[in-house]
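Same order as they appear, the protein sequences are chains G and D. For the first sequence, the working numbering assigns the number 2 to the initial residue and increments by one for each residue that follows. For the second sequence, the working numbering assigns the number 111 to the initial residue and increments by one for each residue that follows. Beta carbons: idealized from backbone N, C-alpha and C, even for Gly. See structure below.
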Amino acid sequence: MTSSGHAAAADTHQNWIPLLEMATREVFELMLSCDLAPASSMDESGMDVTSMVGLAGQLCGVITVRCHQKTAVLMASKMLGLPPEKVGDHFADALGEVCNMVAGNFKNKIAGLSDGCMLSPPSVITGSNYSLHSLADSPGLQVRVLFENLPVIITLQIHR
Amino acid sequence: MPIRALIVDDSSVMRKIVERSLRQAGIDLSEVFQAGNGAEALSMLKESAVDLILCDINMPVMDGIEFIKQLPGIESAKNVPVVMITTEGSEAHVVQALSCGARGYIRKPFTPEQVKEHVVPVLAGKV
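Shown next as structure tokens:
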């Protein structure tokens with residue numbers, strides 16, 4: 002790809018940020034009955050649960066949803082209709098499903114991607130002492146939101 | 111009349127959400143069976159009869175499309191209506207699922223109202 006091609010791709014991808022945010026908001030509104038608040042700045046330290054869904058086909062990359070474990074527990078609590086103390090290990094499954102739905106909802110909003118892009122099953126990493134090395138060749142798109150006043154970061158790393 | 115439902119999804123959280131949505135939609139469930147993939151669901155159907163199947167598409171071991179292709183091989187289940195519930199919202203997936211025998215298609219994320227809108231006509235034999 003030429004340098005102007007890279008610039009054009011980056012511009013196109015920046016236009017996807019509102020779609021990624023909309024896809025995220027819809028998942029939280031419909032499945033967790035929660036409105037998300039925008040987060041201009043947030044403390045990312047200690048975020049210890051990350052869910053990932055891979056994209057392959059016309060768009061290759063990975064979507065991640067990152068938060069604190071207590072946030073994932075609260076998500077699971079709302080999804081299951083259980084008090085947080087009864088959620089147990091379901092928090093990882095819940096965060097995986099949230100990421101899966103955000104990824105699916107996002108690709109369905111982009112013309113041509115719905116049919117031409119496949120999703121991997123979600124994977125969930127717990128713990129904060131890791132580095133993610135992706136094959137992405139453009140800067141990631143990031144959406145930062147507050148769920149019940151707790152920070153959540155959604156990132157799309159694009160390979161092409 | 112109460113019905114027996116089978117919910118097939120690799121996420122246990124999603125299976126519980128689907129069950130709750132069915133109840134919120136006013137569907138009277140006498141029994142709910144759960145399976146984590148298509149192969150598990152086929153085994154379950156050899157032992158237990160159900161009136162409705164709700165099935166995800168992307169699952170390990172056996173996906174939802176393969177499951178509905180193999181469903182006619184089970185005598186007691188071959189006429190049971192299947193509604194797909196999935197993040198795969200493409201036209202191609204919808205067409206493929208419907209051509210393989212699915213009677214409805216719900217995209218995740220969804221509301222209980224959407225579940226009702228798609229499932230009630232299927233149960234009434236209108237789809």
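Please determine if the segment 115 to 126 of chain D and the segment 55 to 65 of chain G are in contact, where contact requires at least 3 C-beta pairs separated by less than 8 Å. no
Could you tell me whether the segment 162 to 171 of chain D touches the segment 76 to 94 of chain G, using the rule of 3 or more Cβ pairs below 8 Å? no
According to the neighbour-count rule (16 or more other Cβ atoms, all chains shown, within 10 Å of its Cβ), is G:Pro122 buried or exposed? Locating residue 122 of chain G in the first sequence gives position 121, where the first residue counts as 1. So G:Pro122 counts as exposed.
State whether the segment 118 to 132 of chain G contacts the segment 204 to 218 of chain D, with contact taken as three or more CB pairs (one from each stretch) at a distance under 8 Å. no
Please report the residue range of the alpha helix (DSSP H) in which D:Phe143 lies. Residue 143 of chain D sits at position 33 when you count from the first residue of the second sequence. Run containing D:Phe143: none in the alpha helix (DSSP H); it sits in the beta strand (DSSP E), 139 to 145.
Taking 7 Å as the threshold (beta carbon to beta carbon), is G:Asn150 in contact with chain D? Within the first sequence, numbered from 1, the residue matching residue 150 of chain G stands at position 149. Judged by the 7 Å Cβ criterion, G:Asn150 is not in contact with chain D.
For chain G, find out if any of its Cβ atoms is closer than 7 Å to the Cβ of D:Val160; answer yes or no. Position 50 of the second sequence, counted from the start, is the residue given in the question as residue 160 of chain D. It does not: the Cβ of D:Val160 has no partner Cβ on chain G nearer than 7 Å.
Note down, in chain order, every chain B residue with its Cβ under 9 Å from the Cβ of G:Ser115. Here the protein chains are G and D, and chain B is not one of them.
From G:Phe157 to G:Ser124, what does the alpha carbon distance come to, in whole angstroms? Here residue 157 of chain G refers to the residue found at position 156 of the first sequence. Here residue 124 of chain G refers to the residue found at position 123 of the first sequence. Checking the sequence, you will find Leu at residue 157 of chain G rather than Phe. Distance between the alpha carbons of G:Leu157 and G:Ser124 is about 15 Å.
How long is the line joining the alpha carbons of D:Leu155 and D:Val205, rounded to whole angstroms? Within the second sequence, numbered from 1, the residue matching residue 155 of chain D stands at position 45. Within the second sequence, numbered from 1, the residue matching residue 205 of chain D stands at position 95. The alpha-carbon atoms of D:Leu155 and D:Val205 are separated by roughly 25 Å.
Closer than 7 Å, CB to CB, is G:Met102 near chain D or not? Counting from one through the first sequence, the residue named residue 102 of chain G turns up at place 101. Taking Cβ atoms only, chain D reaches closer than 7 Å to G:Met102, which makes this a yes.
Just to confirm my understanding: we take D:Pro222, look at its own chain, exclude 5 residues before and 5 after, and list those with CB closer than 7 Å. What are they? Position 112 of the second sequence holds residue 222 of chain D. Result list for D:Pro222: Ser131, Gln134, Ala135, in chain order.
When you compare each of D:Leu152, D:Ala149, D:Asp161, D:Val128 to D:Ala115 by their alpha carbons, which one comes out closest? What you label residue 115 of chain D is simply residue 5 of the second sequence in a count that begins at 1. It is D:Asp161.
Under the DSSP definition of a beta bridge, which residues are partnered with G:Val74? Mapped onto the first sequence, residue 74 of chain G falls at position 73. Per DSSP, none; premise fails for G:Val74.
Exposed or buried, what is D:Ala207 when buried is set at 16 or more other beta-carbons lying within 10 Å of its beta-carbon? In the second sequence, residue 207 of chain D corresponds to position 97, counting from 1. Burial call: buried.
Answer with yes or no whether the minimum CB distance from D:Lys188 to chain G is below 7 Å. Reading the second sequence from its first residue, position 78 is the one you call residue 188 of chain D. With 7 Å as the cut-off, D:Lys188 does not count as an interface residue toward chain G.
Any C-beta of chain D under 7 Å from that of G:Val125: For the purposes of this step, residue 125 of chain G is taken as residue 124 along the first sequence, with counting starting at 1. No, G:Val125 does not count as interfacial toward chain D.
For G:Met80, which residues in chain D fall below 7 Å Cβ to Cβ? Locating residue 80 of chain G in the first sequence gives position 79, where the first residue counts as 1. Within 7 Å Cβ-Cβ: Val123, Ile127.
Going along the chain, which residues of its own chain have a beta-carbon closer than 6 Å to the beta-carbon of G:Thr65, five neighbours each way excluded? Translated into positions along the first sequence, residue 65 of chain G becomes position 64. The residues are Thr51, Met53, Thr156.
How about the segment 102 to 122 of chain G and the segment 70 to 81 of chain G: do they share at least three Cβ pairs that are nearer than 8 Å? no
Per DSSP, cross-strand counterpart(s) of G:Thr156: Residue numbering aside, residue 156 of chain G sits at position 155 when the first sequence is read from its first letter. The partner list for G:Thr156 (beta bridge, DSSP) reads G:Thr65, G:Gln143.
Closer than 7 Å to chain D by CB, G:Leu31: For the purposes of this step, residue 31 of chain G is taken as the residue at position 30 of the first sequence. Answer yes: the Cβ-Cβ gap between G:Leu31 and chain D drops below 7 Å somewhere.
Using a 10 Å radius around the Cβ and a threshold of 16 neighbouring Cβ atoms, would you call D:Ser200 buried or exposed? Residue numbering aside, residue 200 of chain D sits at position 90 when the second sequence is read from its first letter. By the 10 Å Cβ count, D:Ser200 comes out buried.
Can you name, in chain order, every residue of its own chain whose Cβ lies under 7 Å from the Cβ of G:Met102, other than the five neighbours on each side? Within the first sequence, numbered from 1, the residue matching residue 102 of chain G stands at position 101. Cβ within range, chain order: Val28, Met32.
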